[in-house]
Structure formats: structure tokens, C-alpha cells
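Novice: So the protein sequences, as listed, match chains A and B.
What the first sequence shows, in the working numbering, is residues 1156 to 1582, in sequence order.
What the second sequence shows, in the working numbering, is residues 77 to 327, in sequence order.
Structure incoming, see below.
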Amino acid sequence: MAQPQVKFDATEERLAALSLPEGGWSEAARRDALARVRAIGLPHARDEYWKYTKPATLVAPEAPHAALFDSGEAPLFDAVDRLKVVFVDGVFDAEASDDLSLAGIEIERLGTSGADIHWAKDLYGRLELAGQDPVARPLAALNTAFATDGVLIRATGKAAKPVNLVYRHKSETSDAILHHCIKVEEGAELTVLENGPAAARFNKAMEVEVADNATFHHIRAQGRDHERRAATHLFARLGQESVFKSFTLTANGKLTRNEVVIELTGDDAVAHVAGACMGDGDFHHDDTVFVTHDAVNCESRQVFKKVLRNGARGVFQGKILVKPGAQQTDGYQISQSLLLDEDSEFDAKPELEIYADDVACSHGSTSGAIDEEALFYLRSRGVPVGHAEDLLTLAFLAEAVLEIEDHDLQDEINGRIEAWLLRRRAA
Amino acid sequence: MLNIENLHVKLEEEDKQILKGVNLEVEAGKVHAIMGPNGSGKSTLSYVLSGRDGYEVTEGSANLLGEDILEMDPEERAAAGLFLAFQYPVEIPGVGNMTFLRTAVNAQRKARGQEEMSSTDFLKEVRAKAKELEIDAEMLKRPVNVGFSGGEKKRNEILQMAMIAPKLCILDETDSGLDVDAMKLVADGVNKLRSPDRGFLVITHYQRLLNHIKPDVVHIMSDGRIVKTGGPELALEVEENGYADIVTEGA
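Spelled out as C-alpha cells, the structure:
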């Protein structure tokens, strides 16, 4: 399919600003990915998949300037016993990181040199490639081609503690491209935490292979910087009886697009993906999710909740595709927004495409204001109006937050949400 | 304690007068009952006193312990000592009953300049009071009123009332939807709260609740006014003859 000239030009302009890392086991995958980017073209405002989110600043050759922001808060997950891997503006910082060794896993930095043989060679760019069909994700292909850093984690047993990828933002013009590959081997268990704003502009891809009977938990918080922009992709492929659970908290941020692409390829697998986001003012947040059921008796859940005010905008594009033969599929999808004023906007595009006949799939999407009855009830019991609104907002987000299994991590996330609400009330 | 004078109230959205000059005084230590046919304005009175949106006071006043409450926000009225047990308690998915109770109790203590209750003290008190109302631990854990039966909701209202310990308790049709056993539980809970420094305003359509919560004074309301006031015998008269006679007589 021929691309429009504007799209072709924009793609070439972006590519001209990048250089393809050479050498090592990933080189072939990178070259293939670059060819994909050229063939597809980078996202353009007229692309159907980008109807609700303007891709221009994500595609521009230079990262738009983003002022640094000091929240004054202690970093998230500080209270959690974890292995810390720190990136500053997209560059691994060995000094700030913990020693990269942990019982139950192998972890190393994504390098461009080294031997031609590596376990990650079978994963790097593979899930991204699979995720290009039926909908193209050119920013992910761009990531595979040009990622300059990242981690490779192979879990062979139960990881002794979570791995925490910490993304610090110190330059107002940083443009970071990170790519992580994670392989959770048969029966192994791993939790990955991510937090921080990362860069002025952040393109991140994570490919996760969850083998038979393996478990992967993912909890991320995208940092409170107001001016950051991010396009992230999370690709996962699930084996038999495996479990994958991912939760994302987004507070603030000029532009965030989080794509999640999950393929259930083994029978009896479970995939949950959830997100809670809070936006105030110049905020645009897009969750784009694609779950493919390609095995029998699998369960998938998508739970996305957005709290929006002062003109903030939320987008949800979520799809469940049930392939022929994927019988006894249990699919659930809910996307809801709480609009705290009349200026905010929520666009939802829920989709189901089902080619099997013994399937239970449900989906729903709602937009609404705070429930006045509940608000009066709380106030009549002496709860001040602001506090009552916060309680109801937390209650609204609860279904997403409850997707985090670990109670301590759940508390950490709830603490962040409460603090955000409290600041809004004080402002 | 509660002084209502010549209270006129209309609906905010439409030109409909609901209360047309209500005069009422509830003394500390006393239980006043308001009875009346449907549409007489009983529930509106409870809503207006608690500060619900949608009503406009066009004339008159309402004071609680000397303070004009009509200008206050609902939470300020609560802090001033007013409590309304709802006819239809609201379900709040996602907010645990215990969290709700603790937030309410502590918010009121804070508004009155008292220290917040420690979680141990709070738990102890809730458990003891819940037990009296036959509210089990599971109900305390569940989201506020979600999935509760009619009786459970009403008992939950009384639990809140017991924990908050207000000065003036308004019970709006608390007997509606209750079977005899549940009504007895609820009434016992209310009776335990009776004290010389607390007033009650019990709004009910039927006399039967008043067999369990014995009123000192009974008012009959009709068409936005109190048309007759008497002792407990007035409630029995209603039970026997209906409202028609009294309403005609008062008009």
C-alpha cells in the first residue's frame, strides 16, 4: 500500500535523525525492523488507529522541550525490597543501580556488541513483529530498530524479589528509546516494577514471553512530570496455564499512549491488564489494547479507569479478538471515565471480534460525573465535600487498582492516588 | 433543641410549594413523631433539615441548639449534631463500610476540634455496637450498603447513628421495608440512644414503629403544615380512623 507523501516524508525525516546501532546478535532484528518502519510509515494524524491521539510530537525528529519537575515526593517503591535498575534519560546508570544479580533470574543490560548467540535473539523484535498484524504499530518497530538501551531478563525460577526499572528524567530535551526483553521460563515467577518519567520524550517497548505455568506481574507508574510525552508498547505472549497481570498508574503528562498487545497461545492462560489515570488540564492519555485469544479456556480482563478534569482528555481503544477454535474464552473489558467537569473528554472505542461459538465476552464503557446521591450521603455523615469527592474518586478507580495482587504494592499505588487528589483539593 | 418556625419550602426546579409554614420544637430528651399521609411533606422536611439540594427555603427558619442550620453545608449540619437516617440509604460501590464509618466519625471529631479516634478504639466500639444490631463482620467489610437487604441497610443507618452520636436524630420512614424482627432490632438500637441531651424526630407513615419507639409528642402533617399535635394517643387514633378525619378537622 502506497503511503501518502506527507507520511513518507515525516518518516524519512525522523529516520534521518537516528542511527541504527550495528553489530551483535540484535543487528539482524534491527535491520528488519527498520525495513518495517519504512514499509508502514510512522503514525500520521489521518491514520484510523490514531484518530483520537495526535502522533505529531511522538514522530517529530526532535523531542519537544519538557520542563523538569521535582515532585518532592520520595520515589515510588522505595519502601519495597527490590532490585533497582536505573536509567537516566534513557541511559543505564550502573552507579545508581543495584548489582545486577538476583536469585531466580539472569539480568543484563541490552548491549549492541557481543556474540552473535544470545537467548534474547529469539525474542528481540519477535513479539513486536507478531503484534504488527492486524494493526500496524510503527513506533514499536522504530523502537526495535533504534533502541539504545534496555534490559534482558530471563527468569528461571521464582525471582527472589521484584525488578524495579527506574526512569529518571534530568534533561529537558532527552529523547529516550528503551527496549526490554523478558522471558519467564516454564514455572518461573517474576514481578517487574517500572516508575519515573524517563525523558522529555520516551519510546519504550517491552516484550514478555510467559512460558507454560509461568507467572508475570507488572506494575508501573509513569511519573508525575507535566510535560513529558511517551509512547509505550507492552507485548506479551502467554503459554499454557500461565498468568500475566499488568497495572499502570498515570498521573499527569502532556501525552501518553500505552499500547498493550497480548496473545494467549496456550490453553488455560490468564491475562489481566488494568490502568488508572488521573489528568488535570493539559493532559492526554491513550490506552490502546489488543488481546488475542488463540487457545482454549483462556481468561482476559481489561479494566481501565480515567479521572479527568480541566479539559483533560482520555482515550481507550480496546479489542478482544477470539480466533477460530479458541473455545471457552472468557473475555471482559471495561473502560470508564469520571469527568469532574464539563471541559473534559473521554473517547472510547471498544471492539469485540469473535470467531468461536462457545465464548463469553462482555464489554462496557461509561462516562459520568460524581454520583450526587452518594456525595450527599457522605456529606450528611459529616464528611467535607472535598474529602467526600476524593473517597468517591478512589472508589471509582478501585476496580483497576484491585487488579494489583500484592497488597503492599496496592497500598503504594493508592497512596499516590490519594496524594494526587489531596494536592488537587489544596490547589 | 430544634426550632422550626414558619418554614416554607418549594422545589428549586419547579414552582411547587411543599412546606407551607411548619412550626415545630423538639426538646432535648424527647421523641417527637411526625405522621401524615403520603405527599404531606414529611420527607421533604427531613431533606431540608439535612441540607439536600433541590429545595429552596422561601420563608421561615430552622435552628439547632441556637444555630441557624439552613445556611450550612450538609457536613456542617452533621458537625452541629444533626443526623438523618435515610429512608433509602445510598449504595456506594468501592467504599468499604468500615472506611466510611471511620471517615465520618473522624471528620466530625475534627470539625468539633476533637482528636481523631485511634483505630483500636474505633474497631472496639464498632464491633460492640454492630453486635447489638446483629451486623456481622462481613457486612462491615462490604462496600457501603451494596448488596444489603432492606433490613440490613436500616440497621446500618442505626449503626452510623450510634457511632456518630448526634444531638438530634431524624429517622425518615425507618420502618419502611422492615419485617417485625428487623423493626424490633432497629427500635432497640434507637431506644439505647435515648438520653436526656438528645432529641429525636421520627417520621413515619404507620403507627407500628411507635409501638417500639415510644414518642412523647405526636404531630400530624398534612399539605405542608402540622395540623394537629398531641400525645401518643394521637398515633393510635390515626391507626384506628386513618388520616382523613384529622386532616379535615385541622384544615
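No residue lacks a Cβ here, since even glycine has one placed at the ideal position from N, Cα and C.
1. Could you work out which residue in Arg188(B), Met297(B) and Val266(B) is closest to Ile289(B) when comparing CA atoms only?
2. Secondary structure at Val337(B), three-state DSSP: helix, strand or coil?
3. Under 7 Å, CB to CB, which of the residues in the region 167-192 of chain B have a partner in chain A?
4. Please go through the same chain and pick out, in chain order, the residues whose beta-carbon is closer than 6 Å to the beta-carbon of Thr1443(A), but skip the five residues on each side of it.
5. Around the Cβ of His1562(A), are there at least 16 other Cβ atoms within 10 angstroms (buried) or fewer (exposed)?
6. I'd like to know whether the C-beta atoms of Ile94(B) and His295(B) end up nearer to each other than 9 Å.
7. What are the boundary residues of the beta strand (DSSP E) that includes Val85(B)?
8. For Glu1168(A), is the classification buried or exposed, using 16 other Cβ atoms within 10 angstroms of its Cβ as the cut-off for buried?
9. Any C-beta of chain A within less than 8 Å: which residues of the region 113-135 of chain B qualify?
10. Please name the residues in the region 237-260 of chain B whose beta-carbon is closer than 8 Å to at least one beta-carbon of chain A, in chain order.
11. Ends of the alpha helix (DSSP H) at Ala1185(A)?
12. With 7 Å as the limit, tell me which residues of the region 1213-1235 of chain A have their beta carbon closer than that to any beta carbon of chain D; keep them in chain order.
13. Which residues, in order along the region 137-158 of chain B, keep a beta-carbon less than 9 Å from a beta-carbon of chain A?
14. Applying the criterion that 16 or more other CB atoms from any shown protein chain within 10 Å of the CB defines a buried residue, is Asp1236(A) buried or exposed?
15. Is DSSP giving Arg274(B) helix, strand or coil here?
16. If I measure Cβ to Cβ from Asp1545(A) and keep anything under 8 Å in the same chain, skipping five residues before and after, which residues do I get?
17. Name, in chain order, the residues that DSSP records as bridge partners for Asp144(B).
18. Comparing C-alpha positions only, which one of Ile279(B), Glu210(B) and Leu87(B) sits nearest to Ala311(B)?
19. Closer than 8 Å by beta-carbon distance: list the chain A residues that pair up with Leu160(B), in chain order.
20. So which residues of chain B does His1542(A) contact, with C-beta pairs closer than 8 Å?
21. If you count every other CB in all the chains shown that lies within 10 Å of the CB of Glu135(B), and 16 or more means buried, which is it?
22. Using a Cβ-Cβ cutoff of less than 6 Å, which residues in the same chain neighbour Val85(B) once the five nearest sequence positions on both sides are dropped?
23. So which residues of chain B does Phe1371(A) contact, with C-beta pairs closer than 9 Å?
24. Which whole-angstrom value is the C-beta distance of Ala1426(A) and Gly1408(A), which I expect to be below 8 Å?
25. Check the Cβ of Leu1546(A) against every Cβ in chain B and list those closer than 7 Å, keeping chain order.
26. Are the CB atoms of Gly1486(A) and Gly1455(A) within a distance shorter than 9 Å?
27. Please identify the residue among Ile240(B), Ala263(B) and Pro165(B) whose C-alpha is closest to the C-alpha of Glu208(B).
28. Quick one: residues in its chain with C-beta nearer than 7 Å to the C-beta of Asn182(B), no 5 flanking neighbours on either side, listed in chain order?
29. What residue does the alpha helix (DSSP H) around Met215(B) start on, and which one ends it?
30. So, do the region 226-239 of chain B and the region 134-151 of chain B have three or more beta carbon pairs nearer to each other than 8 Å?
31. Three-state secondary structure (DSSP) at Leu1231(A)?
32. If contact is defined by three or more beta carbon pairs under 8 Å, each pair taking one atom from either stretch, is the region 152-166 of chain B in contact with the region 99-117 of chain B?
33. What are the residues that DSSP puts in a beta bridge with Gly1473(A)?
34. Report the rounded CA-to-CA distance for Lys1206(A) versus Ser126(B), giving the unit in angstroms.
35. Once you ignore the five residues that flank Lys1589(A) on each side, which residues in its own chain have a CB closer than 7 Å to its CB?
36. State whether the region 1187-1196 of chain A contacts the region 1221-1240 of chain A, with contact taken as three or more CB pairs (one from each stretch) at a distance under 8 Å.
Specialist: If we stick to the structure as given:
1. Out of Arg188(B), Met297(B) and Val266(B), Val266(B) has the C-alpha closest to the C-alpha of Ile289(B).
2. The question about residue 337(B) has no answer here: the residues shown for chain B are numbered 77 through 327.
3. If you check each beta-carbon in the region 167-192 of chain B against every beta-carbon of chain A, the ones closer than 7 Å belong to Ile168, Pro169, Gly170, Val171, Thr179, Ala180, Ala183, Gln184 and Ala187.
4. Only Glu1414 and Gln1472 meet the Cβ criterion.
5. So His1562(A) counts as exposed.
6. In this structure, Ile94(B) lies away from His295(B), with their beta-carbon atoms at least 9 Å apart.
7. Val85(B): member of the beta strand (DSSP E) spanning Leu78 to Leu87, first to last residue.
8. Under the 10 Å beta carbon count, Glu1168(A) is surrounded by fewer than 16 other beta carbons and is classified as exposed.
9. Here the close residues are Ser126, Gly127, Arg128 and Asp129.
10. Answer in chain order: Ile240.
11. One point to set straight first is that residue 1185(A) is Arg, not Ala, in the sequence displayed. Under the DSSP assignment, Arg1185(A) falls in the alpha helix (DSSP H) whose first and last residues are Glu1182 to Ile1195.
12. Considering every chain present, this structure includes no chain D. Its protein chains are A and B.
13. Along the region 137-158 of chain B, the positions whose C-beta sits under 9 Å from a C-beta of chain A are Asp149, Pro150, Glu151, Glu152, Arg153, Ala154, Ala155 and Leu158, read in chain order.
14. By the neighbour-count rule (16 or more Cβ atoms within 10 Å), Asp1236(A) is not buried but exposed.
15. Reduced to three states, the DSSP call for Arg274(B) is coil.
16. The beta carbon of Asp1545(A) sits closer than 8 Å to those of Glu1573, Leu1576, Leu1577 and Arg1580, all from its chain and outside the five residues before and after it, given in chain order.
17. DSSP, once it has assigned bridges, lists Asn139(B) as partnering Asp144(B).
18. The closest CA to that of Ala311(B), considering only Ile279(B), Glu210(B) and Leu87(B), is found on Ile279(B).
19. Residues of chain A passing the Cβ test: Ser1535.
20. Chain B residues near His1542(A): Thr179 and Ala183.
21. Glu135(B) comes out exposed.
22. Answer for Val85(B): Ile94, Leu95, Val124, Tyr131 and Val133, listed in chain order.
23. Neighbours of Phe1371(A) on chain B: none; closest Cβ ~27 Å, over 9 Å.
24. The C-beta distance from Ala1426(A) to Gly1408(A) rounds to 25 Å, too long to fall under 8 Å, and the pair is not in contact.
25. Correct list: Val171 and Thr179.
26. Looking at the sequence shown, residue 1455(A) is not Gly but Ser. Contact flag set, yes.
27. Closest by alpha carbon: Ala263(B).
28. For Asn182(B), where only same-chain residues beyond five positions count, the Cβ hits under 7 Å are Glu192 and Met193.
29. From DSSP, the alpha helix (DSSP H) with Met215(B) extends over Ala213 to Lys217.
30. No: fewer than three Cβ pairs fall under 8 Å.
31. Coil at Leu1231(A), not helix or strand.
32. Using a C-beta cut-off of 8 Å, the region 99-117 of chain B makes no contact with the region 152-166 of chain B, since fewer than three inter-stretch Cβ pairs fall below that distance.
33. Gly1473(A) is bridged by DSSP to Val1444(A) and Pro1505(A).
34. Those two C-alpha atoms are separated by around 48 Å.
35. The question about residue 1589(A) has no answer, for chain A in this structure spans 1156 to 1582.
36. The region 1187-1196 of chain A, when compared against the region 1221-1240 of chain A, does not touch it at the 8 Å Cβ threshold.
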